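*Asks:* Numbered per UniProt numbering, the sequence shown spans residues 1 to 346.
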Amino acid sequence: MEYRPILGITMGDPAGNGPEITMKALSKKEIYETCRPLVIGDAKMLEQAARIINRPDLRINRVDDPAQGLYTFGTVDVYHMDLVDMDKFAFGKVSAMCGEAAFQCVKKVIELAMDRKIDGTVTNALNKEAINLAGHHYSGHTEIYAEFTHTPKYTMMLAHHDLRVVHVSTHVSLRQACDLVKKQRVLDVIRIAHEGCRALGIERPRIGVAGLNPHAGENGMFGTEEIEEIIPAIQEAQAEGLCVDGPVPPDSLYSKARGGWYDIVVAMYHDQGHIPLKVVGFVYNRAEQHWDAVEGVNVTLGLPIIRASVDHGTAFGHAGQGVANELSLVNAIEYARMMAVNGKKA
Numbered sequence: 001m002e003y004r005p006i007l008g009i010t011m012g013d014p015a016g017n018g019p020e021i022t023m024k025a026l027s028k029k030e031i032y033e034t035c036r037p038l039v040i041g042d043a044k045m046l047e048q049a050a051r052i053i054n055r056p057d058l059r060i061n062r063v064d065d066p067a068q069g070l071y072t073f074g075t076v077d078v079y080h081m082d083l084v085d086m087d088k089f090a091f092g093k094v095s096a097m098c099g100e101a102a103f104q105c106v107k108k109v110i111e112l113a114m115d116r117k118i119d120g121t122v123t124n125a126l127n128k129e130a131i132n133l134a135g136h137h138y139s140g141h142t143e144i145y146a147e148f149t150h151t152p153k154y155t156m157m158l159a160h161h162d163l164r165v166v167h168v169s170t171h172v173s174l175r176q177a178c179d180l181v182k183k184q185r186v187l188d189v190i191r192i193a194h195e196g197c198r199a200l201g202i203e204r205p206r207i208g209v210a211g212l213n214p215h216a217g218e219n220g221m222f223g224t225e226e227i228e229e230i231i232p233a234i235q236e237a238q239a240e241g242l243c244v245d246g247p248v249p250p251d252s253l254y255s256k257a258r259g260g261w262y263d264i265v266v267a268m269y270h271d272q273g274h275i276p277l278k279v280v281g282f283v284y285n286r287a288e289q290h291w292d293a294v295e296g297v298n299v300t301l302g303l304p305i306i307r308a309s310v311d312h313g314t315a316f317g318h319a320g321q322g323v324a325n326e327l328s329l330v331n332a333i334e335y336a337r338m339m340a341v342n343g344k345k346a
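Next comes the structure, spelled out in C-alpha cells:
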C-alpha cells in the first residue's frame, strides 16, 4: 500500500467557509485512502460544521498529539485548540477572536510540521483584517510561514491541474511590483520553480518566464526591464542547466502553458499570475447562478515544510449555510499528498 502521509489541515477563520468545506472534503472516502488528515482547530466548530452540511454521522475524535489520530473514514481527527467562545461567535463577521483562532491554527500546524510530527500542511482561508485586529500584522499565510520557518527566499505557486504559476512579487502595489522586478529575485524564483516542480515528480521542468511589459518590452520600445533584469536572470539559469524560456509576452504565455509547452510559468506580479489561474479554475454557471467549480491550489515554495492551500477567500457572505464548494480544498490536500510522497521517495 502506498505511503499515507499525515497532513495537518487548518480550519481557517471560523466565521468563514473553512470548517464546512473541511467537513465536506473529509466526508469523501477516497481522501482517507491516500492520506491521514488531521484538522487543526476548534472541535466545537467542526461538530457544528458537520450538522450544517447534514453529516451528523461524522464522528469528531479530539486529540492533542498527531500520534493519537485514528485516520479512518467516518472519523474526523481534530487537534483540538479551545479557541472559540460560541456565545460570542457569529458567521460572516470580522472579529479579533476569530482572527486569533485562525492565526493560532496556522502557528500550530507550522510547529507540528517543523517538529516532523506531520508530513505536510494544508490551509483554509483566513481573513487578513481579522488577524490584524488580533494583533498579528501579516499580509497573508505566505508571510506567516516565511517568518515561523525562518525562510528568506520563497514564492507563491498557484496551480490548476497542470497549469502552474509562481510569482516574483505578490501582495504589494502595482507600482512597487514593477520596482521589484530585479535580476536576483527573478533568478531566485526560477530556481524555486524548478525545485517545486521536482518536488511534484517532474524530472526536468520546463519553465516559461513572462515579460513585465506588453510584448515583453518589444526590444526596449515599451520598457527596459526585460533587457536589464529578466533576460540576464534567464541566461544565468540556463547556464546552470535549467530548462528556461523567455521572456514570453504575457498575453500569449498562458495559452502556451495550457497547451503543454511549459510545466510552470514565472509571473512578474500578483494579478499577472492570479487572473489566468482563476479564469480557468473558477467556473460560474450563469444559467443556474451558482459556482460549478472553485478550483485551484496555492502552494508556498522554498519552505522547509510542505504548505498547500485553497485558492479562495473566506466567503463570509455565504458562511454557515452549507453551500461552500470544497473542490479547492480537495485539490490542496492532493497537492500536499503528492509532495509528501515524492519527498519520501527522494
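For each residue, glycine too, the CB sits at the ideal point set by N, CA and C.
For clarity, every value in this text was computed on a predicted model and none was experimentally measured.
Touching or not, the stretch 217-231 and the stretch 285-302, by the rule of three or more beta carbon pairs under 8 Å?
*Replies:* The stretch 217-231 vs the stretch 285-302: no contact.
*Asks:* Could you compute how far the alpha carbon of M157 sits from the alpha carbon of K107?
*Replies:* The sequence position of residue 157 within the sequence shown is 157, counting from 1. The sequence position of residue 107 within the sequence shown is 107, counting from 1. Distance between the alpha carbons of M157 and K107 is about 21 Å.
*Asks:* Please confirm if the stretch 232-251 is in contact with the stretch 125-140, defined as three or more CB-CB distances below 8 Å between the two stretches.
*Replies:* no
*Asks:* Would you call the stretch 182-192 in contact with the stretch 315-322, where contact means no fewer than 3 C-beta pairs closer than 8 Å?
*Replies:* no
*Asks:* Assuming V265 and H160 make a contact with CB atoms under 8 Å, what is their CB distance in whole Å?
*Replies:* The residue labelled residue 265 in the question sits at position 265 within the sequence shown. The residue labelled residue 160 in the question sits at position 160 within the sequence shown. No, V265 and H160 are not in contact; Cβ-Cβ is about 12 Å, not under 8 Å.
*Asks:* Helix, strand or coil for R191, going by three-state DSSP, please let me know.
*Replies:* Reading the sequence shown from its first residue, position 191 is the one you call residue 191. Assignment of R191 by DSSP, reduced to helix, strand and coil, places it in the helix class.
*Asks:* Ignore the nearest five residues each way along the sequence and tell me which others in F91's own chain have a CB closer than 7 Å to its CB.
*Replies:* If you number the sequence shown from 1, residue 91 lands on position 91. Hits under 7 Å: A15, A319, G320.
*Asks:* Give the straight-line distance between the Cα atoms of L301 and M45, rounded to the nearest whole angstrom.
*Replies:* By one-based count along the sequence shown, residue 301 stands at place 301. By one-based count along the sequence shown, residue 45 stands at place 45. Roughly 30 Å separates the two Cα atoms.
*Asks:* Would you give the residue range spanned by the alpha helix (DSSP H) that L200 belongs to?
*Replies:* Working through the sequence shown from its first residue, we reach residue 200 at position 200. Per DSSP, L200 belongs to no alpha helix (DSSP H) and is neither H nor E.
*Asks:* Distance, Cα to Cα, L277 vs A267?
*Replies:* Residue 277 sits at position 277 when you count from the first residue of the sequence shown. Residue 267 sits at position 267 when you count from the first residue of the sequence shown. Between L277 and A267, the C-alpha separation is close to 11 Å.
*Asks:* If you draw a straight line from the C-alpha of V189 to the C-alpha of G273, how long is it?
*Replies:* What you label residue 189 is simply residue 189 of the sequence shown in a count that begins at 1. What you label residue 273 is simply residue 273 of the sequence shown in a count that begins at 1. Spanning the two alpha carbons is a distance of roughly 13 Å.
*Asks:* Taking DSSP as the reference, what is the three-state secondary structure of M11?
*Replies:* Numbered from 1 along the sequence shown, position 11 holds the residue referred to as residue 11. Looking at M11 - three-state DSSP - the assignment turns out to be coil, as it is neither helix nor strand.
*Asks:* Of all the alpha helix (DSSP H) runs that stay within the bounds of the stretch 227-303, which reach a length of 4 or more residues?
*Replies:* 231-239, 250-258, 270-281
*Asks:* Using DSSP bridges, identify the partner residues of G120.
*Replies:* Counted from its first residue, the sequence shown places residue 120 at position 120. In DSSP, G120 forms a bridge with L7.
*Asks:* Can you tell me whether I275 is buried or exposed, with buried defined as 16 or more other CB within 10 angstroms of its CB?
*Replies:* Walking along the sequence shown from the start, residue 275 turns up at place 275. So I275 ends up on the exposed side.
*Asks:* Assuming H312 and A125 make a contact with CB atoms under 8 Å, what is their CB distance in whole Å?
*Replies:* As a working note, residue 312 is residue 312 in the sequence shown. As a working note, residue 125 is residue 125 in the sequence shown. Contact flag correct, Cβ pair sits at about 6 Å.
*Asks:* Mapping DSSP to helix, strand and coil, what is A319?
*Replies:* What you label residue 319 is simply residue 319 of the sequence shown in a count that begins at 1. Here A319 sits in coil by DSSP.
*Asks:* Sort out for me which residues DSSP pairs A210 with in a bridge.
*Replies:* On the sequence shown, position 210 is the one that residue 210 refers to. V248.
*Asks:* Excluding the 5 residues flanking V63 on each side, which residues of the same chain have their C-beta closer than 8 Å to its C-beta?
*Replies:* For the purposes of this step, residue 63 is identified with residue 63 of the sequence shown, where counting begins at 1. Here the set comprises L38, G69, D77, V78, Y79, H80.
*Asks:* Taking 6 Å as the limit between beta carbons, can you name the residues of its chain near Y262, skipping five residues before and five after?
*Replies:* Residue numbering aside, residue 262 sits at position 262 when the sequence shown is read from its first letter. Within the same chain, Y262 has close Cβ partners R206, G208.
*Asks:* Starting from the Cα of T10, find the closest Cα among D245, F73, G99 and give me that residue.
*Replies:* Residue numbering aside, residue 10 sits at position 10 when the sequence shown is read from its first letter. The residue with the shortest Cα to Cα distance from T10 is G99.
*Asks:* Quick check on the DSSP output: what are the complete alpha helix (DSSP H) runs of length 4 or more inside the stretch 33-105, in order along the chain?
*Replies:* You should have 43-52.
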